[in-house]
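Below is one structure, written out as structure tokens, with a few remarks after it.
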Amino acid sequence: MEKHFEVFVYEEGEQPIFHNGPCGSIYSMEGNFIYKLETSKFRTRDPERAHVYFLPFSVTSIVHFIYDRRVDDHWRPMKQTVKDYVDLVAGKYPYWNRSLGSDHVMLSCHDWGPELSKSLPELFKNSIRALCNAYLGNPLKMCGLHGPIRPILLEHWENKDPDVQVHRYLPKDVSYSAMMRKSRFCICPSGYEVASPTNGGSPVTRLRSVADIPNLKKILTGISTRQYIRMQRRGVAVRRHFEVNLPPKRYDVFHMTLHSIWLRRLNIRLHGVEDS
Numbered sequence: 176m177e178k179h180f181e182v183f184v185y186e187e188g189e190q191p192i193f194h195n196g197p198c199g200s201i202y203s204m205e206g207n208f209i210y211k212l213e214t215s216k217f218r219t220r221d222p223e224r225a226h227v228y229f230l231p232f233s234v235t236s237i238v239h240f241i242y243d244r245r246v247d248d249h250w251r252p253m254k255q256t257v258k259d260y261v262d263l264v265a266g267k268y269p270y271w272n273r274s275l276g277s278d279h280v281m282l283s284c285h286d287w288g289p290e291l292s293k294s295l296p297e298l299f300k301n302s303i304r305a306l307c308n309a310y311l312g313n314p315l316k317m318c319g320l321h322g323p324i325r326p327i328l329l330e331h332w333e334n335k336d337p338d339v340q341v342h343r344y345l346p347k348d349v350s351y352s353a354m355m356r357k358s359r360f361c362i363c364p365s366g367y368e369v370a371s372p373t374n375g376g377s378p379v380t381r382l383r384s385v386a387d388i389p390n391l392k393k394i395l396t397g398i399s400t401r402q403y404i405r406m407q408r409r410g411v412a413v414r415r416h417f418e419v420n421l422p423p424k425r426y427d428v429f430h431m432t433l434h435s436i437w438l439r440r441l442n443i444r445l446h447g448v449e450d451s
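If you want this note's numbering, it's the 1-based position in the sequence shown plus 175.
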């Protein structure tokens with residue numbers, strides 16, 4: 176991938192909606208990825224050489240600058256922004272219409288990314304969507320993470336067992352960093368930041384389904400010390416894949432995201448948009 180992968184970034188669009196995004200806090204990967212891709216060796220200025228085509232809009236910026244809760248249909252102006260941009264590049268270049276969007280990429284760390292990808296049927300059904308939350312649209316074209324299990328987790332474990340610390344909000348008398356340091360496992364049901372693995376915690380991945388949540392304590396206490404240490408070491412080993420570096424380094428989150436896109440570009444639909 177490092178030797179051959181080339182990405183064409185459409186130059187159309189103006190900041191702050193396009194070629195821009197947050198570089199700090201919860202949605203920071205949007206801005207970081209856009210900036211790093213536009214200055215990386217993977218970017219090609221020749222669209223004929225490109226393997227994929229990146230749509231450089233930031234969903235977080237769209238929500239920040241265009242969303243208006245006072246409007247009855249607040250989705251419409253945001254979706255129209257995405258649609259207008261795709262229509263613009265589709266009318267100027269042949270690449271979107273040539274593949275019906277299947278070799279085009281959008282990236283979003285915002286919860287509304289999946290919904291805004293519905294702005295066009297081809298974007299939703301065909302395009303490669305690098306999202307931070309799961310969606311059941313098309314798993315072969317997704318680069319996302321698992322969706323939230325927080326409601327079910329709270330239902331079974333909130334304030335019910337001192338050994339399983341599950342809180343809707345952090346208690347006022349509890350230190351967040353101290354609690355992370357003394358915890359053996361991180362349930363990771365979604366949240367503000369993934370702090371536990373950086374402190375040596377082990378993300379819980381042993382649950383086969385949400386049906387296992389009531390048995391969470393039994394499952395975790397059944398893990399031997401030897402097995403836990405092995406899991407912890409593996410967590411440290413993969414930590415570099417989730418780190419943001421300036422400039423990017425091999426195997427960090429920027430390169431792993433590109434690698435996921437590199438693999439999913441192979442899942443190209445040949446017959447257009449399927450009926451839902």
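Built from N, CA and C at the ideal position, the CB exists for glycine as well.
Reduced DSSP category for residue i - H, G, I as helix; E, B as strand; rest coil
i, result
"His342", "coil"
"Ala386", "helix"
"Phe217", "coil"
"Ile192", "coil"
"Leu441", "coil"
"Leu306", "strand"
"Leu320", "Here the model assigns Leu320 a pLDDT of 46, short of 50, so the residue's position is not dependable, and the following value carries that caveat. Three-state DSSP puts Leu320 in coil, outside helix and strand."
Residue interval of the alpha helix (DSSP H) (run including residue i)
i, result
"Ile394", "Leu391 to Thr396"
"His279", "No alpha helix (DSSP H) contains His279, which is instead part of the beta strand (DSSP E) from His279 to Ser283."
"Leu328", "Arg325 to Trp332"
"Arg475", "There is simply no residue 475 to check, as the chain begins at 176 and stops at 451 in what is shown."
"Leu263", "Trp250 to Lys267"
"Pro296", "Pro296 to Lys300"
"Ile404", "Thr400 to Val413"
"Ser352", "Tyr351 to Lys357"
"Pro289", "Gly288 to Leu291"
8 Å Cβ shell around residue i - same chain, five flanking residues per side excluded
i, result
"Lys267", "Glu187"
"Ile388", "Ile324, Ile327, Leu328, His331, Trp332 and Leu382"
"Lys258", "Ser294 and Leu295"
"Phe240", "Pro191 and Ile192"
"Thr219", "Glu181, Val182, Phe183 and Ala225"
"Ala265", "Trp271 and Asn272"
"Asn195", "Gly206, Ile209, Ser233 and Ser236"
"Arg343", "Leu329 and Glu333"
Classification of residue i by the beta-carbon crowding that lies within 10 angstroms, buried from 16 upward
i, result
"Glu297", "buried"
"Asp248", "exposed"
"Leu311", "Unreliable positioning characterises Leu311 in this predicted model, as indicated by a pLDDT of 46, which lies under 50. A coordinate reading is not provided."
"Met204", "buried"
"Pro337", "exposed"
"Thr214", "exposed"
"Leu345", "exposed"
"Asn272", "exposed"
"Asn390", "exposed"
"Lys424", "exposed"
"Met253", "buried"
"Lys211", "buried"
"Lys300", "buried"
"Ala305", "buried"
"Phe417", "exposed"
"Ser292", "buried"
"Asp221", "exposed"
Residue i - containing beta strand (DSSP E), residue span
i, result
"Phe453", "This structure gives no information on residue 453, because the portion of the chain shown stretches from 176 to 451."
"Ile241", "Where Ile241 is concerned, there is no enclosing beta strand (DSSP E), although the alpha helix (DSSP H) it sits in stretches over Val234 to Ile241."
"Val227", "Val227 to Phe229"
Own chain partners of residue i with C-beta closer than 7 Å, once the 5 adjacent residues on each side are dropped
i, result
"Leu438", "none"
"Val385", "Ile324 and Ile327"
"Lys392", "Asp336, Asp338 and Val339"
"Tyr351", "Leu345"
Nonlocal neighbours in the same chain, by C-beta distance under 6 Å from residue i, ignoring five residues either side
i, result
"Ile303", "Val280, Lys316, Ile436 and Arg439"
"Arg409", "none"
"Gly288", "Val234 and Leu306"
Practice task
Determine, using beta-carbon pairs with one atom in the segment 389–402 and one in the segment 180–198, whether at least three such pairs fall under 8 Å.
Solution key: Taking 8 Å as the limit for Cβ pairs, the verdict is that the segment 180–198 does not touch the segment 389–402.
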